[in-house]
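Novice: In this note's numbering, the protein residues as written are 1079 to 1305.
Even for Gly, the Cβ is constructed at its ideal location relative to N, Cα and C.
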């Protein structure tokens, strides 16, 4: 989970207008305009787990559960883009959580993979500050990545597999950067920059991989704008 910018693009403006019409008619907030704008804003990723290419179901998620509150139900700033797995787990629970359109979540929570593949490998979320929103967000992340029902545990395995593959490819990129000749580095630097960017899958884990080795990777951190 990383910060996303809720930019007032043409698609966002169209989404807001469609929500105004839906609210006036007591219709559905699930409009084509809202879906298009959320997909744009969150770069086609689930805002919670950051999975991207292997998602079978996208849903509109209310950051703050709306219940019978019509304002929250149709509020553009309360609508987020999530996969079915994460939306179902979050539901009306874990409230409140960090608003990733306002807060740099990856600077409030450390995202790390610990242990070795095939052994005690585990994904760990560590609070860098303490408050209710951070605590609830961490609980949600553990439920998302490890499941809270038999079915969700099976789904979580697929997310961890995708994350493991992405992290492995990213580590290979970083290793390659320090192995090649100087004239070969530019293309790899650009690839690394994209892999820690807002549109990349599992960017929080990749950023923390660099941050945890900031002395060794200082050059990459500066290039990627992560300092």
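Looking at C-beta atoms only, is the number of pairs between the segment 1084-1097 and the segment 1198-1209 that lie closer than 8 Å three or more?
Specialist: Segments in contact, no.
Novice: Residues in its own chain within less than 6 Å of residue 1241 by CB, not counting five upstream and five downstream?
Specialist: Closer than 6 Å at the Cβ level, and outside the excluded window around residue 1241, lie 1280.
Novice: Select from 1090, 1145, 1256, 1199 the residue whose C-alpha is nearest the C-alpha of residue 1115.
Specialist: Among 1090, 1145, 1256, 1199, the Cα nearest to that of residue 1115 is on 1090.
Novice: Looking only at its chain, what residues have a beta carbon closer than 6 Å to the beta carbon of residue 1274, apart from the 5 residues adjacent to it on each side?
Specialist: 1281, 1284, 1285, 1302, listed in sequence order.
Novice: Between the C-alpha atoms of residue 1118 and residue 1250, what's the straight-line distance to the nearest angstrom?
Specialist: Answer to the nearest angstrom: the Cα atoms are 29 Å apart.
Novice: Between which two residues does the beta strand (DSSP E) containing residue 1081 stretch?
Specialist: No beta strand (DSSP E) contains residue 1081, which DSSP labels as neither H nor E.
Novice: My output table needs one value for residue 1164: the three-state DSSP class, helix, strand or coil.
Specialist: Three-state DSSP puts residue 1164 in a helix.
Novice: How many Å lie between residue 1236 and residue 1245 at the Cα?
Specialist: C-alpha separation (whole angstroms): 14 Å.
Novice: Do you know offhand how far residue 1186's Cα is from residue 1215's?
Specialist: Each residue's alpha carbon lies about 10 Å from the other.
Novice: Are the CB atoms of residue 1158 and residue 1182 nearer to each other than 7 Å?
Specialist: Not closer than 7 Å, so no.
Novice: Secondary structure at residue 1175, three-state DSSP: helix, strand or coil?
Specialist: In this structure, residue 1175 counts as coil in the three-state DSSP scheme.
Novice: On a Cα-Cα basis, can you pick out the residue from 1227, 1224, 1110 that is closest to residue 1137?
Specialist: Among 1227, 1224, 1110, the Cα nearest to that of residue 1137 belongs to 1110.
Novice: Return the residue from the list 1132, 1133, 1171, 1113 that minimises the CA-CA distance to residue 1141.
Specialist: Measuring from the Cα of residue 1141, the nearest candidate turns out to be 1171.
Novice: Measure the alpha-carbon distance for residue 1223 versus residue 1133 and round it to whole angstroms.
Specialist: Going from the Cα of residue 1223 to the Cα of residue 1133 covers about 14 Å.
Novice: Where do the ends of the alpha helix (DSSP H) carrying residue 1269 lie?
Specialist: Segment 1263-1273, the alpha helix (DSSP H) holding residue 1269.
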